[in-house]
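J.: One structure coming up, written as structure tokens, with questions to follow.
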Amino acid sequence: MSLNSILCGFKQILPTIIPPAYEQLITGQDLTIRFLSAENLPKMDLVGTSDTYFIAKLDEEISYTQVYKNFYILIYCSIFNRSMVVSNTLSPEWNDEEWIVRNVPLNAKLTINIYDKDDDSLSDDHIGQVEITDLPNYQAPSEGHEILGLLDRNRGQFHLTIQSIESSESSKKLPRYTFDGPCTYSRHNSPTVGYLTMLNQDAIYSTWKIRLRRISVFFPLYERQQWNRKYRIAQTLFSGTPRSIAKQHVFKLAHKILYGRTIKNNESGRLNNVDDLWKLIFFDDKTQKIRTCIYTYIIDDNTWRFSETGIGFFTDYASKHALHANCSEYVRYAGQFHPRPKYGWNRCDDEWELVFDNWSGTYAPHANLLKNLKELLEFNFPGLNIVVYDFKNPLLQESMDNLKLFEEQTKRDSICVSNLVFKPTFNSIK
């Protein structure tokens, strides 16, 4: 059977799978959602009140993604947002929880699940849920949305605002449910892992998660990087055997320890520009310097996740990238990166840059997508100096060797930042 006949048959089947509300499917809206507060929540703890957070989600639908001129594939699609934890109150307020999403179907549904955080338990208590439909005509009820718990019991009220406008011509060209800001970050500090790694005097091991805009534009969903079937360590994780399944379970528990939002060991905020990226992520307040180290990173459907590669516990861990990816079989991209002074290690008080590579045995991402990575980061942080190398490039090893040599010579004590210039240089973008 020829390929053309297969495609023709597929096109004949498509109308039977497309929902009846075809107009709503092909017409989009741009949403700006501001999550404000909740009130009258039930007391969830024996001592205290409630440590509240929510997870908001837009749909779990089949979206239609154009891959070739006349050929479409079906892709499972959803988008979600997890808030920060507001501690010890029955009336939590979220001051920084905004969500801009482009090209959302008109019949999309917003679901908000509210939880009570419990650091001492494997799972958090579910308080209740809010569902909102007809987003284009949304009007906020004056008394808030009723939070419904088990057996539809009233568990309080939730307040938010939703602005819906018809998608612009540029938005219509974006993939469905494109997250478009704001960029936010969360940092989780793990004393347990810090004790095992001993990377610093405080015995704290940190992981960062940064929500990036328009990841699907630069790394389309249908071009995700699958686990490397030629890599022995990846085979032990993803082969589907009972042993690999057990190993995945261990990895997912470790991922939860590394990235789980807790009440005490977390910080979060917005990254409004490249200055914020340097100051809030890569600048160490205690040592008053840029952290000079090598990071392991992955980019998934919504976020850029990374931590210091380090010496010891995690350096030789079976798969650092699978650990960051929560044992997902796919990522958008993966590798390592490190900061360095743009004009050499003798000019640490001048501009800095980030050097990225595709060094991941688990996912073996294609080198030709490094340019997409550079464009994604420059789009999110205009003025950020980005250099990309294939992991086989000798210049990459030279750059990492220079970083390690600098650390040895200075013992991480000589990066003077009192005159450090964070001002972005826009003409430096390549």
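Our numbering numbers the first residue of the sequence shown as 23 and each following residue consecutively.
We put the beta carbon where it would ideally sit given N, CA and C, even for glycine.
Small disclaimer: the values here were computed from a predicted structure and weren't measured.
Taking the straight line between their C-alpha atoms, what separation do you get for I134 and A60?
T.: Position 112 of the sequence shown, counting from 1, holds the residue named residue 134. Position 38 of the sequence shown, counting from 1, holds the residue named residue 60. Going from the Cα of I134 to the Cα of A60 covers about 12 Å.
J.: For V126, count the other beta carbons within 10 Å of its own beta carbon; 16 or more makes it buried, fewer makes it exposed. Which is it?
T.: The residue you call residue 126 lines up with position 104 of the sequence shown. With 16 or more other Cβ atoms within 10 Å, it is buried.
J.: Count Cβ pairs between the stretch 232 to 239 and the stretch 198 to 208 that sit closer than 8 Å; are there 3 or more?
T.: Yes, since at least three Cβ pairs between the stretch 232 to 239 and the stretch 198 to 208 fall closer than 8 Å, the two stretches touch.
J.: Taking only the alpha-carbon atoms, compute the straight-line gap between T432 and K393 and give it to the nearest angstrom.
T.: In the sequence shown, the residue the question calls residue 432 occupies position 410. In the sequence shown, the residue the question calls residue 393 occupies position 371. Whole-angstrom Cα-Cα distance: 33 Å.
J.: Run the CB neighbour count on H388, radius 10 Å, all protein chains shown included, and call it buried at 16 or more, exposed below.
T.: Residue mapping note: residue 388 aligns to position 366 of the sequence shown, counting from 1. Per the 10 Å Cβ criterion, exposed.
J.: Since N129 is in the beta strand (DSSP E), which residue starts that stretch and which ends it?
T.: Locating residue 129 in the sequence shown gives position 107, counting from the first residue. First-last for N129: undefined, no H or E at that position.
J.: Ends of the beta strand (DSSP E) at L391?
T.: The count along the sequence shown starts at 1 and reaches residue 391 at position 369. Unbroken run through L391: none, as it is neither H nor E.
J.: DSSP on V107, reduced to helix/strand/coil?
T.: Reading the sequence shown from its first residue, position 85 is the one you call residue 107. DSSP places V107 in coil when its eight states are reduced to three.
J.: Pull up the distance between the alpha-carbon of P163 and that of N324, whole angstroms please.
T.: Mapped onto the sequence shown, residue 163 falls at position 141. Mapped onto the sequence shown, residue 324 falls at position 302. Going from the Cα of P163 to the Cα of N324 covers about 30 Å.
J.: Suppose you measure from the CA of H210 to the CA of R327; what does that come to, to the nearest Å?
T.: For the purposes of this step, residue 210 is identified with residue 188 of the sequence shown, where counting begins at 1. For the purposes of this step, residue 327 is identified with residue 305 of the sequence shown, where counting begins at 1. Between H210 and R327, the C-alpha separation is close to 11 Å.
J.: Give me the Cα-Cα distance between N415 and M422, rounded to the nearest whole angstrom.
T.: Taking the sequence shown and counting its residues from 1, one reaches residue 415 at position 393. Taking the sequence shown and counting its residues from 1, one reaches residue 422 at position 400. Roughly 12 Å between the two C-alpha positions.
J.: According to DSSP, simplified to helix, strand and coil, what is N441?
T.: Translated into positions along the sequence shown, residue 441 becomes position 419. The predicted position of N441 is uncertain, since its pLDDT is 40 and thus under 50; a value taken from the coordinates is nonetheless stated next. Three-state DSSP puts N441 in coil, outside helix and strand.
J.: Within the same chain, show all residues whose beta-carbon is closer than 8 Å to that of Y253, passing over the 5 residues directly before and after it, in chain order.
T.: In the sequence shown, the residue the question calls residue 253 occupies position 231. Answer for Y253: G383, T384, A386, listed in chain order.
J.: Measure the C-alpha to C-alpha separation of A9 and A276 and round it to an integer number of angstroms.
T.: Coverage of the chain is limited to positions 23 through 452, which leaves residue 9 absent and any answer about it impossible.
J.: Can you give me the Cβ contacts of N288 inside the same chain, cut-off strictly under 8 Å, excluding the 5 residues immediately before and after it?
T.: Against the sequence shown, residue 288 aligns to sequence position 266. M106, V107, S208, R209, H210, N211, listed in sequence order.
J.: Grouping DSSP H, G and I as helix and E and B as strand, with all else coil, what is T309?
T.: Stepping through the sequence shown from its first residue, residue 309 is reached at position 287. In the structure shown, T309 sits in coil (DSSP, three-state: anything other than H, G, I, E or B).
J.: Taking one C-beta from the stretch 111 to 121 and one from the stretch 138 to 151 each time, how about it: are there three or more such pairs within less than 8 Å?
T.: Result no; under three Cβ-Cβ pairs closer than 8 Å.
J.: Pick from I184, G150, S189, K278: whose alpha carbon is nearest that of R175?
T.: The residue you call residue 175 lines up with position 153 of the sequence shown. Considering only alpha carbons, the answer is G150.
J.: Around the C-beta of I232, are 16 or more other C-beta atoms found within 10 angstroms, so that it is buried, or is it exposed?
T.: As a first step, residue 232 must be located in the sequence shown, where it is residue number 210. So I232 counts as buried.
J.: Taking all protein chains shown into account, do 16 or more other C-beta atoms lie within 10 angstroms of the C-beta of P264, making it buried, or fewer, making it exposed?
T.: On the sequence shown, residue 264 is found 242 positions in, with the first residue counted as 1. P264 comes out exposed.
J.: Can you tell me the Cα-Cα spacing of K131 and D52, whole angstroms?
T.: By one-based count along the sequence shown, residue 131 stands at place 109. By one-based count along the sequence shown, residue 52 stands at place 30. About 14 Å.
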